[in-house]
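Note that the numbering used here has the sequence shown beginning at 1, numbered continuously upward.
These notes are about the structure you will find just below.
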Amino acid sequence: MTRLALTLVLCCLAPLSWAQPSLRTQAVLLTANALVYYNPDPQAQPDERHLARMQQAGTSMREQLAVQPWPEPLRQAVDELLARQAQLASVPRQQAPRYPQLLVGLLDARLKLEAQLRQQVPAAEQSQQVQQRLSQAIGELLINAMARHARVLGAHSLNLDQDGFNALDRQIETDFTVLVDLLPAQAEVLHKQHRVYRFARQRLLEAASGQADGSLERYIGGVLLSLDNLLDDPLSNPLS
């Protein structure tokens with residue numbers, strides 16, 4: 001991959017505040033489910049559960065906007081992502097060949113939201129920093145893997161090659177190990193989620209198949225949600 005693209009990926013692995021990983025995770029889940037559901041084949045019969053999960057993620061993001069005093073640029077980035085989702089939803093399946101271009105717009109909108117999230121960087125405990133960096137790396141790997149399988153990654157602004165995928169994988173493996181050492185009370189949960197990641201790892205890293213794999217969203221989405229729950233666990237927060 002280009003040095004610039006790899007730099008962008010690794011710069012994404014910055015710590016955020018405790019309230020934000022859920023917003024990030026919902027953006028990842030919305031985008032991942034859209035990549036599965038909006039198959040460009042007009043004859044495809046996508047699993048409606050992916051549509052439901054995509055809509056649920058969008059609803060959750062709207063609810064967070066309603067109750068959290070997010071900075072205006074962050075709110076605008078969320079609004080843009082949701083607008084891209086609505087644009088996809090307005091296109092009937094008979095016009096499915098239009099989906100790839102619209103999915104690229106959705107991918108880029110999520111990347112803009114991620115950039116806004118990275119600007120919110122308060123002081124954090126080491127375990128919190130590693131936890132958020134891990135969630136971020138897993139989310140980036142999931143989205144880029146699914147985009148590659150859906151054959152839209154070539155037009156997406158991040159456009160990782162295999163070196164970029166491998167760099168994210170190494171970061172994830174390292175951070176799981178570090179986090180277990182930092183949070184021994186959560187070791188069982190972390191080991192379980194690490195095993196789930198490794199179960200899906202080969203599929204995440206393999207070459208494009210031409211169709212996004214919905215099972216990746218289910219497995220890796222579950223890992224992200226579990227890591228979000230750890231952020232709310234008093235055993236993970238020495239200041240609670």
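Ideal placement from N, C-alpha and C gives every residue a C-beta, glycine not left out.
| Item | Value |
| --- | --- |
| Alpha-carbon spacing of L113 relative to Q94, whole angstroms | 30 Å |
| As assigned by DSSP and simplified to three states, the class of S90 | coil |
| Of the residues D213, Q202, Y197, L205, the one placed nearest G222, counting alpha carbons only | Y197 |
| Where A34 falls, given that 16 or more other Cβ within 10 Å makes a residue buried | buried |
| For A96 and Q43, the rounded distance between their alpha carbons | 9 Å |
| Touching by the beta-carbon criterion (3+ pairs, under 8 Å), the region 124–132 and the region 100–108 | no |
| Three-state secondary structure (DSSP) of E188 | helix |
| Beta-carbon spacing of L65, I138 below 8 Å | no |
| For P97, the three-state DSSP class (helix, strand or coil) | helix |
| DSSP three-state assignment for E125, whether helix, strand or coil | coil |
| C-beta contact flag for F176 and L134 at 8 Å | yes |
| Residue from V178, Q85, D41 whose Cα sits closest to the Cα of M61 | Q85 |
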